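Have a look at the structure below, then the notes.
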Amino acid sequence: MDLYTVETGGALEKGLELEWLLTNGLGGFASSSVVGCNRRRYHALLCAATMPPVGRIVALSKVGELLHPHADRPEFVELSVNHFRDSLHPRGDRYLQRFALGDVARWEFAAEEIRITKQVQLLWHRNVVGVRYTIEAPAGRQFLLRLLPFVALRDFHALRRADGSHFQVTCDSRQVCVTDGRNSLYIQADGAEFGAKHEWWYGLTYPIERERGLDDAEDLFIPGSFLHRGTGSGAVTLWAGTDPVGVYDWQEQLGQRPRRAVSFRRGDGTLLPQAMGEAPTLRRLARAASDFIVRRTRPDGRSGTSIIAGYPWFSDWGRDTMIALPGLLLTTGRFEEAAEVLAVFAQYVSEGMIPNHFDDYTNQPHYNTADASLWFIHAAFAYRRYSGDETTFAELLRPACVEIFRGYRNGTRFNIAMDEQDGLIWAGSPGSQLTWMDAKCDGVVFTPRHGKAVEINALWYNALKLLGEEHLAAKVAAGFAAKFWISPFRGLADVVRDGERDVSLRPNQILAVSLPHSPLSAAQQSAVVEVVRRELLTPYGLRTLEVANPHFKAHYSGQAFDRDAAYHNGTIWAWLMGPFIEAYLKVNNRAPIALEQARQWLRPLIDHLEQGCLGQISEIFEAAPPHRPVGCFAQAWSVAEVLRMAVEVGL
């Protein structure tokens, strides 16, 4: 079923800007622009996860199509679009009439009285892509369709150059294998014959990479072409994978994708009425959420479930996983997978810390964040509240939570420890970046937040209350109010260190209201919500810094240094809309007028499902209007928090 449709006839700019995404449940994906022009180094028909969910390589960049409308004539039509330094070539967009996205991506072309439908699907839990062409020509018309696979076989962060590349090719009349000695790509076509002819296409460019201040030119290898001969009508399906491929049944493979009956739940664990759960908005968001749920190979070799932080370039991260888990898995009733995700991180608690990520190459855990472990406690108790699974909580999750509590109370890595005087958590040192505002480039820390960060201590207080540490929680509440509270007009300080307060107005303070347990008085909570609404709220989330601050950056663009400088200094983060709305509803007692206001605040992000990357919500948006979407085009915690709050307010 199509969820999104774009009428593309003559709308080249729109077709270049809109992107699409398909995922395979392993961390692998397919993605490009709607017109099929690769505009990022990450765009590909098969970006395979060789060590799920990481070890990703761009294996098959794209397939070029040459249609000979008359088999006995030399004239041909090219259906693809490539970007070179100063031009687009060929211009297949001129023949493209419609694009649609659902379980497959589909393009509808028309040229010389011939209609061609192209479909792309990824096989579930396999690094295999299928590209299917269905051709309808006038009765008796003989035609040819030639397919050219563009092979990259490189790390998805890198670019391929012809110089220094050594591919080995083996083939027969139907299948070809291309290898560089490390990785291989196997290609086979049903309904076409392969003819070997090795060639390179030089200097394809990716304009979005240029905008990001990165190298943007790539050379791609073509091992030959697959030729389909048809009369009147015909079909050909190309399969490509990182292991030997066969000829698969198209519909049968589509049937392998999980079809889950989603039952939506609110934060108190109550089921959403079925009629409300059938709302198209919730179904679309649940579909978006499923793209981030992947298999992970644990360091001990066992398989588990994890959450990809964002496409196209992020892997699974501890902090992102714990923030996204309630919206992606608990709101949608996917409790077994939620328990698996939590189990992976609980297994590797060390010195009171969960891993922030597992190494892309060695798969070993890395511990370098101050908040992920506290978010784990929040997620573990949310799991218990939503699922009612007391056994898993008592036997697996609570012991991990207690270990985290003890680690923070007694002290652990990176100077993370409780101050005995006020009970607050200190984390880090000059030069370290342990909170979610962690941008650093060329040794420059753009948001220095070592010391006592406001959201770390809000999470700490929340954890103490959840764990029943009432005496210590009371001490923390007193210390929190004394150290962080500024005034009703400014809310809370962002960081306290060495007797000084960083009073930069940032959104981190909203967590001191939105979490289940707040260290603030009711009046203080209301004041914080109003300050954040007045100074930071935008249609797409919260700005990370007030406009009046001299460090505020209106735009997120340019070289890595410039982008990192803006990342948390004004740039809007969509995920923060969740905590903000939750805090707003809390201080307004979920009154009907507050629920309606919350629905209005969510609508621009719901509408964004049909902008940027179809069916997804971007990581960040520029601080200045019109708030251009930037960063990852699909972000787990953006989708999670919008979905979670959409269920809460009944969208």
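For my numbering, add 3 to where a residue sits in the sequence shown, where the first one is 1.
Built from N, CA and C at the ideal position, the CB exists for glycine as well.
Since we're looking at a predicted model, the values are computed, not measured.
Counting C-beta neighbours from all protein chains within 10 Å, is the total for His71 16 or more, i.e. buried, or is it exposed?
Residue 71 sits at position 68 when you count from the first residue of the sequence shown. His71 sits buried, since 16 or more C-beta atoms from the chains shown fall within 10 Å of its C-beta.
Beta-carbon proximity list for His360, same chain, < 6 Å, skipping 5 on both sides
In the sequence shown, the residue the question calls residue 360 occupies position 357. Taking His360 as the centre and dropping the five residues before and after it, the same chain places the C-beta of Trp320, His369 closer than 6 Å to its C-beta, in chain order.
Close Cβ partners of Val499 (< 7 Å) along its chain, the five nearest in sequence each way excluded:
Numbered from its first residue, the sequence shown carries residue 499 at position 496. Around Val499: Gly454, Lys455, Lys486, Phe487.
Determine the direct distance from the alpha carbon of Leu125 to that of Val132, and round the result to whole angstroms.
Walking along the sequence shown from the start, residue 132 turns up at place 129. Walking along the sequence shown from the start, residue 125 turns up at place 122. Between Val132 and Leu125, the C-alpha separation is close to 5 Å.
In angstroms with no decimal places, state the Cα-to-Cα distance between Gly446 and His630.
Walking along the sequence shown from the start, residue 446 turns up at place 443. Walking along the sequence shown from the start, residue 630 turns up at place 627. Between Gly446 and His630, the C-alpha separation is close to 29 Å.
May I ask you to list the residues that DSSP assigns as paired with Phe229?
Translated into positions along the sequence shown, residue 229 becomes position 226. According to DSSP, Phe229 bridges with Leu150, Phe197.
Roughly how many angstroms separate the alpha carbons of Ala47 and Ser64, rounded to a whole number?
Sequence index remark: in the sequence shown, residue 47 carries index 44 (1-based). Sequence index remark: in the sequence shown, residue 64 carries index 61 (1-based). Their Cα atoms are separated by approximately 4 Å.
Runs of alpha helix (DSSP H) wholly within the segment 518-586 (minimum 4 residues, chain order)
Within the segment 518-586, complete alpha helix (DSSP H) segments of at least 4 residues are found at 525-539, 563-570, given in chain order.
Helix, strand or coil: which one does DSSP assign to Met54?
Position 51 of the sequence shown, counting from 1, holds the residue named residue 54. It is a strand residue.
Reference Ala342, options Ala397, Arg322, His558, Gly143, closest by Cα
The residue given as residue 342 occupies position 339 in the sequence shown. For the set Ala397, Arg322, His558, Gly143, the Cα lying nearest the Cα of Ala342 is the one of Ala397.
Pair within 7 Å by beta-carbon distance, Ala74 and Leu147
Residue numbering aside, residue 74 sits at position 71 when the sequence shown is read from its first letter. Residue numbering aside, residue 147 sits at position 144 when the sequence shown is read from its first letter. Contact flag set, yes.
Do Phe112 and Leu104 have their CB atoms nearer than 7 Å?
Position 109 of the sequence shown holds residue 112. Position 101 of the sequence shown holds residue 104. Taking 7 Å as the Cβ cut-off, Phe112 and Leu104 do not qualify as a contacting pair.
Tell me whether Tyr364 sits in a helix, a strand or coil according to DSSP, three-state version.
The residue labelled residue 364 in the question sits at position 361 within the sequence shown. Tyr364 falls in the coil class under three-state DSSP.
How about Leu545 and Phe483: are their beta carbons less than 7 Å apart?
In the sequence shown, counting from the first residue as 1, residue 545 sits at position 542. In the sequence shown, counting from the first residue as 1, residue 483 sits at position 480. No. Outside cutoff.
In whole angstroms, give me the CA-to-CA distance for Pro315 and Gly31.
By 1-based counting over the sequence shown, the position of residue 315 is 312. By 1-based counting over the sequence shown, the position of residue 31 is 28. For Pro315 and Gly31, the distance between alpha carbons rounds to 9 Å.
On the criterion of 16 or more Cβ atoms from any shown chain inside 10 Å, does Gly227 qualify as buried, or is it exposed?
As a working mapping, residue 227 is identified with position 224 in the sequence shown. Gly227 is buried by the Cβ-count criterion.
Looking only at C-alpha atoms, which of Asn130, Val172, Arg101 sits nearest to Lys121?
The sequence position of residue 121 within the sequence shown is 118, counting from 1. Ranking Asn130, Val172, Arg101 by Cα distance to Lys121 puts Arg101 first.
Which of helix, strand or coil does DSSP assign to Arg337?
Along the sequence shown, read from residue 1 onward, the residue named residue 337 stands at position 334. If DSSP states are grouped into helix, strand and coil, Arg337 belongs with coil.
Exposed unless 16 or more other CB atoms sit within 10 angstroms - verdict on His611
Taking the sequence shown and counting its residues from 1, the one referred to as residue 611 is at position 608. By the 10 Å Cβ count, His611 comes out buried.
Would you mind giving the Cβ-Cβ distance between Tyr386 and Leu400, rounded to the nearest angstrom? I have them listed as a contact below 8 Å.
Along the sequence shown, read from residue 1 onward, the residue named residue 386 stands at position 383. Along the sequence shown, read from residue 1 onward, the residue named residue 400 stands at position 397. With 8 Å as the limit, Tyr386 and Leu400 qualify as a contact, their Cβ atoms being about 7 Å apart.
Throw me the rounded Cβ distance for the Leu230 and Gly198 pair, which I believe falls under 8 Å.
Here the question's residue 230 lines up with position 227 in the sequence shown. Here the question's residue 198 lines up with position 195 in the sequence shown. Confirmed, about 6 Å.
Less than 7 Å between the C-beta atoms of Val38 and Val107, yes or no?
Taking the first residue of the sequence shown as 1, we reach residue 38 at position 35. Taking the first residue of the sequence shown as 1, we reach residue 107 at position 104. Not a contact, by the Cβ cut-off of 7 Å.
Phe492 classed as buried or exposed, judged by whether at least 16 other C-beta atoms fall within 10 angstroms
Walking along the sequence shown from the start, residue 492 turns up at place 489. When all chains shown are included, Phe492 counts as exposed.
Spatially closest choice to Arg135 from His169, Phe317, Gln256, by CA coordinates:
Position 132 of the sequence shown, counted from the first residue, corresponds to residue 135. Nearest to Arg135 by alpha-carbon distance, out of His169, Phe317, Gln256, is Gln256.
Does the beta-carbon distance from His558 to Met440 come in below 7 Å?
For the purposes of this step, residue 558 is taken as residue 555 along the sequence shown, with counting starting at 1. For the purposes of this step, residue 440 is taken as residue 437 along the sequence shown, with counting starting at 1. For His558 and Met440, no; Cβs fall outside 7 Å.
For the alpha helix (DSSP H) containing Ile407, list its first residue and its last residue.
Counting from one through the sequence shown, the residue named residue 407 turns up at place 404. Going by DSSP, Ile407 is part of the alpha helix (DSSP H) stretching over 401-413.
Flag this pair as yes or no: are the beta carbons of Leu162 and Asp89 separated by less than 7 Å?
Numbered from 1 along the sequence shown, position 159 holds the residue referred to as residue 162. Numbered from 1 along the sequence shown, position 86 holds the residue referred to as residue 89. Taking 7 Å as the cut-off, the Cβ atoms of Leu162 and Asp89 do not count as close.
Is it the case that the segment 514-524 contacts the segment 170-181, given that we only count it when at least three CB pairs across the two stretches are under 8 Å?
Using a Cβ-Cβ distance cut-off of 8 Å, the segment 170-181 and the segment 514-524 are not in contact, since fewer than three pairs of beta carbons, one from each stretch, lie closer than that value.
Taking 7 Å as the threshold (C-beta atoms), are Val516 and Val531 in contact?
Stepping through the sequence shown from its first residue, residue 531 is reached at position 528. Stepping through the sequence shown from its first residue, residue 516 is reached at position 513. Yes, Cβ-Cβ distance for Val531 and Val516 is below 7 Å.
Would Arg109 be called buried (16 or more neighbouring beta carbons within 10 Å of its own) or exposed?
The count along the sequence shown starts at 1 and reaches residue 109 at position 106. Answer is buried; the Cβ neighbour count reaches 16.
What whole-angstrom Cβ distance do Glu16 and Ser560 have, given they're in contact under 8 Å?
As a first step, residue 16 is located in the sequence shown; it is residue number 13 there, counting from the start. As a first step, residue 560 is located in the sequence shown; it is residue number 557 there, counting from the start. The Cβ separation is near 19 Å, so there is no contact.
By a C-beta neighbour count over all protein chains shown, 10 Å radius and 16 as the cutoff for buried, is Phe408 buried or exposed?
Working through the sequence shown from its first residue, we reach residue 408 at position 405. Burial is judged here by how many other beta carbons sit within 10 angstroms of a residue's own beta carbon; Phe408 has at least 16 and is buried.
Report the rounded CA-to-CA distance for Glu212 versus Gly18, giving the unit in angstroms.
By one-based count along the sequence shown, residue 212 stands at place 209. By one-based count along the sequence shown, residue 18 stands at place 15. So the two alpha carbons sit approximately 18 Å from each other.
In its own chain, which residues sit with a C-beta less than 6 Å from the C-beta of Gly95, not counting the 5 before and 5 after it?
Locating residue 95 in the sequence shown gives position 92, counting from the first residue. If the five residues before and after Gly95 are omitted, its C-beta is found closer than 6 Å to the C-beta atoms of Glu81, Leu82, Ser83, Val84, all from its own chain and listed in chain order.
Would the beta-carbon of Ala643 fall within 7 Å of that of Gln619?
Taking the first residue of the sequence shown as position 1, residue 643 is located at position 640. Taking the first residue of the sequence shown as position 1, residue 619 is located at position 616. Against a cut-off of 7 Å, the Cβ pair of Gln619 and Ala643 comes out as no contact.
Kindly provide the ranges of any beta strand (DSSP E) runs that are 3 or more residues long and lie completely inside the segment 254-328, ordered along the chain.
The segment 254-328 contains these whole beta strand (DSSP E) runs: 296-300, 306-310.
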